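The block underneath contains the structure these notes are about, expressed in C-alpha cells.
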Amino acid sequence: MQHLDDLYHEIIRAHNKNPENYFKNEAAECKIEAYNPLCGDQFHLYFDIHDKRIANLSFHGYGCAVSKASTSIFTEKMNGLTLEEVLALYKNFHACAVEGKNTDINDFIPFQVASRFPGREKCAILTWESFKEYIERLK
Amino acid sequence: MQHLDDLYHEIIRAHNKNPENYFKNEAAECKIEAYNPLCGDQFHLYFDIHDKRIANLSFHGYGCAVSKASTSIFTEKMNGLTLEEVLALYKNFHACAVEGKNTDINDFIPFQVASRFPGREKCAILTWESFKEYIERLK
Amino acid sequence: MKTIEGIRSEFPLIEGMNREGNKLVYLDSAATTQKPRQVIDQLVSYYTNSNANIHRGTYDLAEKATHEFENTRKRIQQFIHAEKSEEIIFVSGATEAINLVADTFVEPLLNIGDEIVVSAMEHHSNLVPWQQLCLRKNALLQVLPMNKQGEIRLEKLADLLSGKTKLVAVSHISNALGTINPVKEIVSIAHEYGVPVLVDGAQNAGHHRTDVIELDCDFYAFSGHKMYGPTGTGVLYGKEKWLEQMRPYRYGGEMVKTVRFEMSSFKELPHKFEAGTPNIAGVAGLQAAVEFLENLGMEYISKHSNVLLQYATEKLEEIKGITIIGCAARKSGIISLTAKDIHPHDMSTYLNEHGIAVRAGHHCSLPVMNFFEIPGTTRISFGVYNTTKEIDYLTQCIKKAIKYFA
Amino acid sequence: MKTIEGIRSEFPLIEGMNREGNKLVYLDSAATTQKPRQVIDQLVSYYTNSNANIHRGTYDLAEKATHEFENTRKRIQQFIHAEKSEEIIFVSGATEAINLVADTFVEPLLNIGDEIVVSAMEHHSNLVPWQQLCLRKNALLQVLPMNKQGEIRLEKLADLLSGKTKLVAVSHISNALGTINPVKEIVSIAHEYGVPVLVDGAQNAGHHRTDVIELDCDFYAFSGHKMYGPTGTGVLYGKEKWLEQMRPYRYGGEMVKTVRFEMSSFKELPHKFEAGTPNIAGVAGLQAAVEFLENLGMEYISKHSNVLLQYATEKLEEIKGITIIGCAARKSGIISLTAKDIHPHDMSTYLNEHGIAVRAGHHCSLPVMNFFEIPGTTRISFGVYNTTKEIDYLTQCIKKAIKYFA
Ligand SMILES: Cc1ncc(COP(=O)(O)O)c(C=O)c1O
Ligand SMILES: Cc1ncc(COP(=O)(O)O)c(C=O)c1O
Chain A
0 MQHLDDLYHE IIRAHNKNPE NYFKNEAAEC KIEAYNPLCG DQFHLYFDIH
50 DKRIANLSFH GYGCAVSKAS TSIFTEKMNG LTLEEVLALY KNFHACAVEG
100 KNTDINDFIP FQVASRFPGR EKCAILTWES FKEYIERLK
Chain B
0 MQHLDDLYHE IIRAHNKNPE NYFKNEAAEC KIEAYNPLCG DQFHLYFDIH
50 DKRIANLSFH GYGCAVSKAS TSIFTEKMNG LTLEEVLALY KNFHACAVEG
100 KNTDINDFIP FQVASRFPGR EKCAILTWES FKEYIERLK
Chain C
0 MKTIEGIRSE FPLIEGMNRE GNKLVYLDSA ATTQKPRQVI DQLVSYYTNS
50 NANIHRGTYD LAEKATHEFE NTRKRIQQFI HAEKSEEIIF VSGATEAINL
100 VADTFVEPLL NIGDEIVVSA MEHHSNLVPW QQLCLRKNAL LQVLPMNKQG
150 EIRLEKLADL LSGKTKLVAV SHISNALGTI NPVKEIVSIA HEYGVPVLVD
200 GAQNAGHHRT DVIELDCDFY AFSGHKMYGP TGTGVLYGKE KWLEQMRPYR
250 YGGEMVKTVR FEMSSFKELP HKFEAGTPNI AGVAGLQAAV EFLENLGMEY
300 ISKHSNVLLQ YATEKLEEIK GITIIGCAAR KSGIISLTAK DIHPHDMSTY
350 LNEHGIAVRA GHHCSLPVMN FFEIPGTTRI SFGVYNTTKE IDYLTQCIKK
400 AIKYFA
Chain D
0 MKTIEGIRSE FPLIEGMNRE GNKLVYLDSA ATTQKPRQVI DQLVSYYTNS
50 NANIHRGTYD LAEKATHEFE NTRKRIQQFI HAEKSEEIIF VSGATEAINL
100 VADTFVEPLL NIGDEIVVSA MEHHSNLVPW QQLCLRKNAL LQVLPMNKQG
150 EIRLEKLADL LSGKTKLVAV SHISNALGTI NPVKEIVSIA HEYGVPVLVD
200 GAQNAGHHRT DVIELDCDFY AFSGHKMYGP TGTGVLYGKE KWLEQMRPYR
250 YGGEMVKTVR FEMSSFKELP HKFEAGTPNI AGVAGLQAAV EFLENLGMEY
300 ISKHSNVLLQ YATEKLEEIK GITIIGCAAR KSGIISLTAK DIHPHDMSTY
350 LNEHGIAVRA GHHCSLPVMN FFEIPGTTRI SFGVYNTTKE IDYLTQCIKK
400 AIKYFA
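Chains as they are written, first to last, in numbering that gives the first Met the number 0: chain A, 0 to 138; chain B, 0 to 138; chain C, 0 to 405; chain D, 0 to 405.
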C-alpha cells in the first residue's frame with residue numbers, strides 16, 4: 000500500500016474527490032480540449048485572457064484521479080499568470096512529473112512518482128501539454 | 000552409401016548416363032513439355048499416334064538422374080501402347096514411385112524408394128504426370 | 000482428469016510469478032493468453048532439432064521442417080473442422096487475416112455505392128479495414144446495431160442486406176463485452192441474400208469449439224497468441240471457391256511458380272498466399288497449442304470458462320457501485336465493468352499493486368464505448384489457469400479499491 | 000577472443016546434430032541461419048517472465064513487455080545506424096517489408112508510363128512485388144543489367160533513370176551469386192535524379208556492418224531469421240520523411256488514435272505501420288540476436304565469412320567439372336556452383352547423405368538462372384559456425400559425387 004499511496008498521495012485523492020474550479024463556462028473566451036485517446040480522458044478548459052494574463056480558468060470533464068487532480072492544481076496555479084510565466088511553470092511541472100526531478104513547488108511533489116507507474120506516464124501531464132501546445136500556437 | 004545406392008540404383012545411373020530414345024524429333028505429331036518449376040527440370044516428349052497407339056516416342060531435355068532415368072524408362076515402356084494401356088501403366092508406376100507400393104514390373108522397382116528422399120518425391124513421377132494430364136485432355 | 004492445480008503448473012509464467020510470496024492473478028487472457036510449457040518447449044525443440052527454411056530444401060533438416068509445417072496445417076484444419084487443408088492460410092494474426100480478405104477478396108468486388116456490413120461491437124481490427132476500404136472505394140459501411148445488453152439485433156440484419164452488400168464482417172465473440180454472437184444465424188440470413196460472411200474468431204478459437212462447416216462462414220480469422228500459442232501466428236480459413244478466385248496478397252519467394260521479368264505465375268492454394276519465409280517456429284508452437292487444447296478438450300475449456308463467468312458475474316454484481324457492461328444471454332469468459340467514480344486506469348493500477356492483471360481502457364473498441372457512453376471499462380477475462388479463488392481475491396480487492404478512492 | 004569451437008558450442012542444433020557419430024555440416028545460412036542459445040533462451044524467458052500484450056496495459060507485466068519491445072526498436076536503430084527509432088518498423092520479414100513499400104509508398108506515386116528500376120539479380124521478393132505493381136498500374140519495370148561475373152553494370156544506371164522513375168530497388172547482396180552490390184554508388188546516382196532507393200538487405204544484415212546513413216538509402220529491408228534471430232520477424236527501415244507521407248499498410252488495433260464508424264485517425268510513427276498484435280516474443284528474440292552479433296562484432300563476422308569464401312573458392316575451383324556461377328570482385332559468403340553432368344538436386348541429395356546441408360535449385364532467383372542459362376545451381380553459404388575443416392570435407396564429398404555419378 001505504501002507504493003499505492005505514493006501515486007495516490009492524499010493531495011491527489013483530495014483534488015480528485017473535490018476538484019478546484021470545476022465547472023463549465025461556455026461563455027469563456029478560450030476553450031481547449033485535453034484528450035488522451037488511449038484511455039479516453041477528456042477535459043475541457045475554459046478561460047479568458049485579461050491584460051495578457053490567464054483569467055477565470057476552470058475545467059470540466061472526465062479522467063483518472065491523477066489527471067483530474069493534476070488539472071485541478073493546474074487551474075489553481077495558472078490563473079492570473081502571463082503566458083511566459085505559464086511556460087516556466089509548465090517546465091517545472093514537466094521536469095517533476097515526466098522526468099521525475101525534484102521541484103520547489105510543494106503542490107507538484109505528489110506527481111513526481113506518476114511517471115514510474117505502468118501505463119500512467121501521460122496522466123499527470125495531459126492537461127499541461129494541451130495547454131502549452133495551445134499557447135504556443137497563439138504566439 | 001547403401002542408402003544412396005537405393006535411390007541411385009545402378010539401373011537409374013545407367014539410364015541417366017545413357018538414356019534411351021534420347022533425341023529431338025521436331026517433326027512429331029505430338030509434343031509435350033514436362034516441367035518442374037521447383038528445380039527447373041524440363042523434358043520435351045515427342046511422339047506420334049498410329050492406330051490409336053503411341054509411336055516413335057522420344058525425349059530430350061534436362062533433369063536430375065532420377066527424372067531422366069524415369070523418363071528414359073517411360074519411353075521404353077509406353078511406346079506401342081494404347082491410351083488405356085498407358086493409363087494402367089501410369090497407375091502401376093504411381094503406386095510404386097509415389098505411394099511406395101510393390102510392383103510387378105521389374106524396371107519400376109528402383110523408383111520405389113524415390114518418394115522417401117527429401118524434396119525428391121516429384122522427380123520420378125514428373126514426366127508420367129505430364130503425359131497423363133495430356134492424354135486425359137485428349138479424351 | 001486434469002486438476003486445476005495440474006493445469007496451472009503447466010504454465011511457467013503463472014507458476015513462476017506466484018512463487019515465494021509473490022502473486023500474479025492474470026485476468027487478461029482476452030488480450031493474450033499465457034503459454035503452456037509444451038508450447039515453449041516446442042519452440043526450443045524446433046530451433047534445436049529442425050530449424051531450416053521450408054518448401055525448397057533437398058536435405059533432411061529442410062524436409063523435417065517442411066513436414067512439421069504442413070502437418071500443422073492439417074492439425075488446424077481438423078481443429079476448426081474445415082474440409083481441406085488448402086483452406087488454411089498461415090498469417091501473422093487475426094488483423095492480417097482480415098486485411099488480407101479486405102484487400103484481395105472484397106476490394107476487387109466493391110464498386111461505388113456498394114456496401115459492407117459490420118456489427119456495432121467490432122474490434123478495431125474488424126472495423127477499420129472495412130471502413131478504410133469503403134472510404135477508398137466510395138462504398139458504404141453499414142452497422143448492424145446492438146441492444147443495451149450488448150446483443151446484436153439480428154432482426155435488423157435483413158434490412159441491411161441487398162444486392163449491393165459485398166460482405167458481412169462480424170466477430171464470433173466480442174472482446175469488449177464477451178457476447179457470443181449468433182454467427183450461424185447471421186451466416187444463414189446473409190447467404191439468403193448471396194452475401195459472404197467473414198467471422199472474426201479471435202476470441203473464440205482458444206475457448207470454445209470452432210466448426211467452420213457448421214457455421215458455414217466464408218472466412219474465419221484468428222490469432223495464435225490468444226489460444227495459448229506463440230505471438231506472430233494466425234490463421235485465415237477461407238472457402239476454397241473464394242480463395243481460388245482471390246489474387247495473392249503479397250508477392251515474393253515461395254508463392255511463385257515461374258518468374259520472368261515480364262510476368263510471373265503463382266502457385267496453387269495455400270502457397271499463393273504465403274509469400275516469403277513464414278513464421279516457421281511459431282507455426283510449430285501453434286501445433287503444440289492445438290495439442291494442448293485438444294488434450295484438455297474444448298468442451299472442458301468452454302465449461303471451465305463458463306463456470307468462472309457465472310461465479311464472477313454473481314460476485315461482482317453484489318458489489319455496490321459496480322456496473323457490468325454487456326449482459327448478453329450468451330457470453331464467453333469476458334467481463335467489462337465500470338466502478339462509479341473510479342476511473343478504469345485507477346482501478347487497474349490499484350489491482351496491479353495487489354498482483355492482479357486486468358485491462359483498462361477501450362479495448363480497441365471505441366465505438367462500443369461510445370454506444371454505452373463511457374470512456375472505457377475495466378476488463379476481466381479468463382483462461383484455463385484461472386480459479387474461483389482468484390475471483391474471490393479479485394472481488395475483495397475491488398471492494399477495497401472502492402473504499403480507497405471514496 | 001572467441002574460438003570457433005566456442006562459437007559452435009553456442010548453437011544447440013549444430014552441437015546436437017554432430018553428437019555421437021552423427022554429422023551435420025550446415026551450409027545453407029543464406030536460406031536461414033541457425034540460432035544461438037541466447038536467442039532461444041530469450042524466447043523462453045519472454046514467455047516465462049514477460050508475456051503480455053503491449054502498448055495498452057496498465058499492469059507490470061504489460062509494461063515490461065512493452066518496454067522490452069520498444070527497447071529492441073532502439074537496439075535495431077543503433078545496429079543499422081539509423082537516426083531515429085521511429086524509422087524502425089517491425090514486420091514479419093524482408094518480403095513483407097518490400098511489399099509494404101510497394102503498396103504504401105510507390106503505388107500512390109506511380110502513374111501510367113512511370114518506371115521502377117530493379118537489378119538483374121534480385122530475389123523474387125524484390126522483383127515480383129515491383130513487377131506486379133507495374134502490371135497493375137501500366138508502369139514499366141526497367142532492369143539494371145549485370146555482367147557475366149554477376150556484377151551490376153553500374154555505368155548503365157544513369158541511362159535508366161529519368162523523371163518517370165519512381166524507385167530503384169536493389170539487393171545489398173545477391174542470395175544467388177553472393178555479389179556485394181555497390182549500393183552506396185547506386186543511391187548516390189539515383190539521388191542525382193531525385194529517385195529514392197530501396198535496398199534489400201536480407202543477405203547483409205547478419206553478415207556485415209549495416210549503416211543506412213552512410214548508404215543514404217531511403218528504405219532498407221531485412222529478415223530476423225537470416226541474422227540468427229527468430230522466424231516471423233523482420234525490419235523495414237525508412238527515412239522519416241517518406242514514412243510520414245505513407246498511408247498505413249494494414250488497419251486494426253494498436254495503430255489507431257480515434258475510431259468512429261465514419262472515420263478514424265492514425266497514430267504517429269512507427270505505430271502507424273504496426274496494426275494488430277506484433278510478434279512480441281520474436282522481437283525479443285531479435286534483440287538477443289543483435290546482442291549476439293554485436294558481442295562477436297560485425298567486423299569479426301564479416302572477416303570470418305570472407306576467410307571461408309576465399310578458402311572454399313580456391314578449393315572448389317581446383318575440382319575438375321565444377322563451375323562457380325558469379326565471380327564478382329566483391330562477394331559475401333555465398334557460392335553458387337554447377338557440376339558438369341550432375342544435376343544440383345542429385346548433388347545435394349548426395350551431400351545430404353554425407354551430412355552436408357546445401358541448397359539446390361533456383362534460389363528464388365529464376366531470372367538469374369535464365370541469365371546464366373542454367374536451370375539451377377548448388378549453393379553453399381556460410382554462417383559464423385562454419386569452419387575450413389567443413390569446407391575440406393565438402394570438397395572431398397563433391398569429388399566423390401563426381402566419381403559416383405560418372
Ligand atoms: C536477397 C533476399 N531478399 C529477400 C529475401 C526474402 O526474405 P524472407 O523470405 O525472409 O522474407 C531473401 C531470402 O530468401 C533474400 O535472400
Ligand atoms: C475480437 C478481436 N478481433 C481481432 C483482434 C486482433 O487480434 P490480433 O491483435 O492478434 O491481430 C482481437 C484482439 O485484440 C480481438 O479481440
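Cβ atoms here follow ideal geometry from the backbone N, Cα and C, with glycine treated the same way. Predicted model, so just to flag it, every value in this text is computed and none were measured.
task = Using only the heavy atoms of ligand 1, determine whether one of them is closer than 7 Å to the beta carbon of His-224 of chain D.
result = True, at least one ligand heavy atom lies under 7 Å from that Cβ.
Gln-41 of chain B: contacting residues in chain D (beta-carbon distance under 9 Å):
Here the neighbours are Pro-374.
Pop quiz: Met-145 of chain C and His-207 of chain C are said to be a contact at Cβ under 8 Å. What is the actual Cβ separation, rounded to whole angstroms? Between His-207 of chain C and Met-145 of chain C the Cβ distance is about 20 Å, and since that is not below 8 Å, they are no contact.
| query | Taking Cβ positions only, does Lys-256 of chain C come closer than 8 Å to chain B? | reply | Interface annotation, Lys-256 of chain C: in contact with chain B, CB-CB separation under 8 Å.
Between Thr-276 of chain D and ligand 2, is the CB less than 7 Å from at least one heavy atom?
Because some heavy atom of ligand 2 lies under 7 Å away, the Cβ of Thr-276 of chain D counts as near it: yes.
*asked:* Just to confirm my understanding: we take Ala-274 of chain C, look at its own chain, exclude 5 residues before and 5 after, and list those with CB closer than 8 Å. What are they?
replied: Correct list, in chain order: Pro-247, Tyr-248, Arg-249, Tyr-250, Gly-251, Gly-252, Glu-253 and Met-254.
Output the residue ranges of the beta strand (DSSP E) runs that lie fully inside the region 45 to 119 of chain D and measure 3 residues or longer, sorted by chain position.
Complete beta strand (DSSP E) runs here, min 3: 87 to 90 and 114 to 118.
Would you report the Cα separation of Ser-84 of chain D and Pro-269 of chain D, rounded to the nearest angstrom? For the pair Ser-84 of chain D and Pro-269 of chain D, the Cα-to-Cα distance works out to about 8 Å.
| said: With a threshold of 7 Å (Cβ to nearest heavy atom), would Val-199 of chain C be considered close to ligand 2? | reply: Sequence check: residue 199 of chain C is Asp here, not Val. Result yes, Cβ under 7 Å from ligand 2.
- Query: What does Glu-261 of chain C touch in chain B if you count any residue whose Cβ is under 9 Å from its own?
  - Reply: What Glu-261 of chain C touches in chain B: nothing, since even the nearest Cβ is about 16 Å away.
Using beta-carbon positions only, say whether Leu-214 of chain D and Lys-238 of chain D come within less than 8 Å of one another.
Going by C-beta atoms, Leu-214 of chain D is not nearer than 8 Å to Lys-238 of chain D.
Please indicate yes or no: does the CB of Gly-252 of chain C lie closer than 7 Å to some heavy atom of ligand 1? At least one heavy atom of ligand 1 is nearer than 7 Å to the Cβ of Gly-252 of chain C, so yes.
Using a threshold of 8 Å, state whether the C-beta atoms of Trp-129 of chain C and Ala-168 of chain C are closer than that.
Cβ distance < 8 Å, so Trp-129 of chain C and Ala-168 of chain C count as in contact.
Notebook entry, point to check: Taking DSSP as the reference, what is the three-state secondary structure of Glu-32 of chain B?
Noted result: If DSSP states are grouped into helix, strand and coil, Glu-32 of chain B belongs with the strands.
Compare the beta carbon distance of Leu-307 of chain D and Gly-332 of chain D with 8 Å and say whether it is the shorter of the two.
One thing to note: Leu-307 of chain D has its Cβ within 8 Å of the Cβ of Gly-332 of chain D.
Open item on the list: For His-8 of chain B, which residues in the same chain have their Cβ closer than 6 Å to its Cβ, ignoring the five residues on either side in sequence?
Closed with: Excluding positions up to five away in sequence, the list reads Pro-109.
With C-beta atoms as the reference, is Phe-107 of chain A less than 8 Å away from Leu-6 of chain A? In this structure, Phe-107 of chain A keeps its C-beta atom at 8 Å or more from the C-beta atom of Leu-6 of chain A.
ask   = What are the partner residues of Phe-42 of chain B, as DSSP defines its beta bridges?
value = The bridge partners DSSP lists for Phe-42 of chain B are B:Ala-33 and B:Gly-60.
**Prompt:** What residues from chain A crowd round Asn-351 of chain C, counting only those whose CB sits closer than 7 Å?
**Reply:** Simply Pro-117.
Any beta carbon of chain D sitting closer than 8 Å to that of Ala-64 of chain B? Under the 8 Å criterion on CB atoms, Ala-64 of chain B is classed as interfacial with respect to chain D.
- prompt: Since Arg-7 of chain D is in the beta strand (DSSP E), which residue starts that stretch and which ends it?
  reply: Premise fails: Arg-7 of chain D lies in the alpha helix (DSSP H), 3 to 8, not in any beta strand (DSSP E).
_Rounded to the nearest angstrom, what separates Ala-30 of chain D and Gln-309 of chain D at their Cα positions?_
So the two alpha carbons sit approximately 21 Å from each other.
> Would Gly-325 of chain D pass as a contact of Leu-176 of chain D if the rule is Cβ separation under 8 Å?
Replying inline: Yes. Within cutoff.
>> Can you pull the chain B neighbours of Glu-62 of chain C, defined as C-beta to C-beta under 9 Å?
In response: Those are Phe-116, Pro-117 and Gly-118, listed as they occur along chain B.
Item to complete: Give the interface partners of Tyr-133 of chain B over in chain D, defined as CB-CB distance under 9 Å, in chain order.
Response: Residues of chain D passing the Cβ test: none, with the nearest at roughly 22 Å.
Point to revise | The alpha helix (DSSP H) enclosing Lys-121 of chain A, as first and last residue numbers | key: Here Lys-121 of chain A belongs to no alpha helix (DSSP H), and DSSP marks it neither H nor E.
Using a threshold of 7 Å, is the CB atom of Gly-92 of chain D nearer than that to any non-hydrogen atom of ligand 1?
-> At least one heavy atom of ligand 1 falls within 7 Å of the beta-carbon of Gly-92 of chain D.
Can you give me the C-alpha to C-alpha distance between Pro-195 of chain C and Gln-41 of chain A, rounded to a whole angstrom? Straight-line spacing of the CA atoms in Pro-195 of chain C and Gln-41 of chain A works out to 40 Å.
Next item on the list: Out of D:Leu-160, D:Thr-386, D:Ile-179 and D:Thr-32, point me to the one whose CA is closest to Glu-191 of chain D's CA.
Entry: Nearest option by C-alpha distance: D:Leu-160.
Is Ser-36 of chain B close to chain C, meaning its C-beta is less than 8 Å from at least one C-beta of that chain? With the sequence shown as reference, residue 36 of chain B is identified as Pro, and Ser is not the correct amino acid for it. Against chain C, the CB of Pro-36 of chain B has a partner CB under 8 Å away; the residue lies at that interface.
Any chance you could list the alpha helix (DSSP H) runs of at least 4 consecutive residues sitting entirely within the region 141 to 199 of chain C, in chain order? 156 to 159 and 182 to 191, all fully within the region 141 to 199 of chain C.
* chain G within 8 Å of Leu-82 of chain A, Cβ atoms only -> In the structure shown, chain G does not exist; the protein chains are A, B, C and D.
### Query
Who are Val-38 of chain C's beta bridge partners in DSSP?
According to DSSP, which records beta bridges pairwise, Val-38 of chain C is partnered with nothing at all.
Q: Report yes or no: do three or more beta-carbon pairs, one from the region 33 to 47 of chain B and one from the region 112 to 132 of chain B, lie closer than 8 Å?
A: Output reads yes: the region 112 to 132 of chain B touches the region 33 to 47 of chain B.
Identify whether Asn-91 of chain B lies in helix, strand or coil by the three-state DSSP scheme. Three-state DSSP puts Asn-91 of chain B in a helix.
- Item | Beta-carbon proximity check, Ile-79 of chain D vs Tyr-236 of chain D, cutoff 8 Å | Pairing Ile-79 of chain D with Tyr-236 of chain D gives a Cβ-Cβ distance under 8 Å.
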